[in-house]
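Residue numbers (UniProt numbering): 1 to 479.
Where a beta carbon is used, it is the ideal one built from N, C-alpha and C, also for glycine.
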């Protein structure tokens with residue numbers, strides 16, 4: 001395992017060298033981040049599903065790089081913006097989420113983020129004591145107290161229709177057959193409000209996000225420049241109930257952006273969107289999501305997603321999805337290129353990312369599952385059935401917990417159909433006759449009327465391993 005370490009290089013240079021930066025707003029951000037005082041950065045994530053997916057991971061890694069560089073970091077889960085739906089990158093309006101579902105999504109995603117941040121800290125070992133915390137927050141906390149009058153008379157007053165209409169997410173939809181609802185059009189106002197709030201109440205002056213968020217990020221910067229808290233005292237008084245107003249302390253050497261002369265500097269950084277080698281965007285809308293929730297994508301399948309990374313992409317993924325130093329990545333790729341069929345680089349990538357998302361236990365289970373399915377033939381004498389259980393439990397395509405009553409009522413053809421190994425009992429019988437049906441590594445030739453036997457067909461009285469063909473394993477657990 002390659003050890004992670006705290007980042008000590010200038011953060012923007014480090015991110016650029018690793019391939020993170022797609023675009024950066026104007027202004028002396030590099031100089032600002034080079035000051036002795038740490039910066040403050042946030043990433044917004046809308047809870048449009050009950051889990052994050054690999055497409056979210058790139059921006060989360062960016063946030064972790066800022067944290068490891070000593071900056072204060074916030075992950076914002078959009079309990080408010082999730083009600084509206086971001087039109088960026090979409091050809092049609094999102095289906096509105098049920099309020100209870102949205103609240104559940106906020107809760108599960110917040111837990112996922114905290115688990116990832118905790119795993120990241122653990123990977124640093126002794127170095128983690130100097131690491132600033134990452135705050136997970138919900139924008140519903142500061143938008144819920146506001147009425148529509150509060151919002152329109154403050155935020156709405158300072159945002160101009162012209163620039164809003166020119167943003168790509170708006171133009172693309174207005175010119176389409178689907179059009180754009182006022183609800184989606186107003187999304188950028190809510191996200192702008194988030195940046196304004198975090199700037200004024202949390203002293204957060206950087207927003208990061210995917211490249212499709214450029215328009216929303218710049219809308220927030222525009223609002224920060226235009227809407228001085230003193231000019232919206234009524235709004236501020238309501239928001240103070242959620243925490244005190246922080247007076248920003250801008251760098252006196254910095255030059256204001258655009259028409260702003262107040263020194264109220266704010267910045268945006270966008271990261272490239274993760275795509276497949278054929279250019280498809282990763283995400284649930286594209287139908288190819290690899291979820292970070294082990295109940296939606298098993299830890300084994302998550303691990304294998306990275307093991308299957310094409311050789312053409314693996315160096316890029318190591319730079320983006322791990323904290324391995326660039327010089328070490330170069331050495332990994334050199335070793336890999338000598339014997340690419342061994343998938344040396346992909347294995348390191350899968351180990352690193354799986355441990356970050358699912359922890360050390362999740363990684364161990366994924367490695368056990370991989371050895372069981374792709375390693376040497378199973379040695380039943382040394383097999384730990386609890387390891388098999390832990391590696392595959394929750395894998396609805398491979399792991400099946402069945403009661404004694406269910407097992408005793410089945411023949412082997414029944415069992416093969418029950419777990420999805422065969423489509424029919426006749427198919428299972430034919431497969432056995434042709435030599436392709438195995439029970440606990442023993443070939444079964446005649447299974448037509450063969451009953452399942454609790455005494456002889458279970459390993460350590462708990463597990464049965466069914467295999468059809470060379471590599472299709474099914475694990476039956478006595479519940």
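Spatial neighbours of residue 398 within its chain, please: C-beta separation below 7 Å, excluding the five flanking residues on both sides. 392, 473, 474, 475
I'd like the list of long-range same chain contacts for residue 333, defined as Cβ closer than 7 Å, with 5 residues on each side in sequence excluded. 315, 345
Given residue 67, which residues of its chain have a CB within under 7 Å of its CB, disregarding the five upstream and five downstream residues? 73, 131, 132, 134
contact_flag[the stretch 74-90, the stretch 11-27] where n(CB pairs < 8 Å) is 3 or more: no
Are the CB atoms of residue 443 and residue 452 within a distance shorter than 9 Å? no
If you drop the 5 nearest sequence neighbours on each side, which residues of the same chain put their C-beta closer than 6 Å to that of residue 259? Below a pLDDT of 50, predicted positions are generally treated as unreliable, and residue 259, at 34, falls in that range; the measurement from the model is reported next regardless. Correct list: empty, nothing qualifies.
Taking DSSP as the reference, what is the three-state secondary structure of residue 441? coil
When you compare the CB positions of residue 189 and residue 155, do they come within less than 9 Å of one another, or not? yes
Report the CB separation of residue 270 from residue 307 in whole angstroms; it is logged as a contact under 8 Å. That belief does not hold up - the Cβ atoms of residue 270 and residue 307 are roughly 29 Å apart, past 8 Å.
Keeping to the same chain, check which residues put their C-beta closer than 6 Å to that of residue 464; ignore five residues upstream and five downstream. 457, 458, 476
How is the beta strand (DSSP E) around residue 54 delimited, first residue to last? Per DSSP, residue 54 belongs to no beta strand (DSSP E); it is in the alpha helix (DSSP H), 54-68.
Exposed unless 16 or more other CB atoms sit within 10 angstroms - verdict on residue 178: exposed
Just mark residue 47 as buried or exposed, buried being the case when its beta carbon has 16 or more other beta carbons within 10 Å. buried
What are the start and end residues of each continuous alpha helix (DSSP H) run of 4 or more residues lying completely inside the stretch 395-475, in chain order? 404-408, 412-418, 425-433
Inter-residue spacing [alpha-carbon to alpha-carbon] between residue 12 and residue 31: 10 Å
Using 10 angstroms around the beta-carbon of residue 298, count the other beta-carbons present and answer buried if the total reaches 16, otherwise exposed. buried
With 16 other CB atoms within 10 Å as the buried threshold, where does residue 61 fall? buried
Proximity below 9 Å, CB of residue 229 to CB of residue 277: no
Do residue 102 and residue 83 have their CB atoms nearer than 9 Å? yes
Three-way DSSP call (helix, strand, coil) for residue 288 in this model: coil
Rank 150, 206, 352, 180 by C-alpha distance to the C-alpha of residue 233 and give the top, closest one. 150
Is there contact between the stretch 196-213 and the stretch 96-114, where contact requires at least three CB pairs shorter than 8 Å? no
For residue 22, collect the residues of the same chain with a Cβ closer than 7 Å to its Cβ; drop the 5 residues on either side in sequence, then sort them by chain order. 211, 270, 271, 272
Consult DSSP for residue 12 and reduce its assignment to one of helix, strand or coil. helix
Please report whether the beta-carbon of residue 163 lies at a distance below 9 Å from any beta-carbon of chain D. Of the protein chains in this structure there is only one, and it is not chain D.
Can you give me the C-alpha to C-alpha distance between residue 54 and residue 209, rounded to a whole angstrom? 14 Å
Please state whether the Cβ-Cβ distance between residue 292 and residue 120 is less than 9 Å. no
Closest by C-alpha distance to residue 214, when choosing among 164, 40, 461, 268: 268
Assigned secondary structure, residue 207 (DSSP; H/G/I helix, E/B strand, else coil): strand
For the beta strand (DSSP E) that contains residue 320, what are its first and last residues? Per DSSP, residue 320 belongs to no beta strand (DSSP E); it is in the alpha helix (DSSP H), 311-321.
From 402, 468, 185, residue whose alpha carbon lies closest to that of residue 440: 468
Checking the sheet assignment: what are the DSSP bridge partners for residue 77? 45, 138
Quick one: what does DSSP say residue 268 is sitting in, helix, strand or coil? strand
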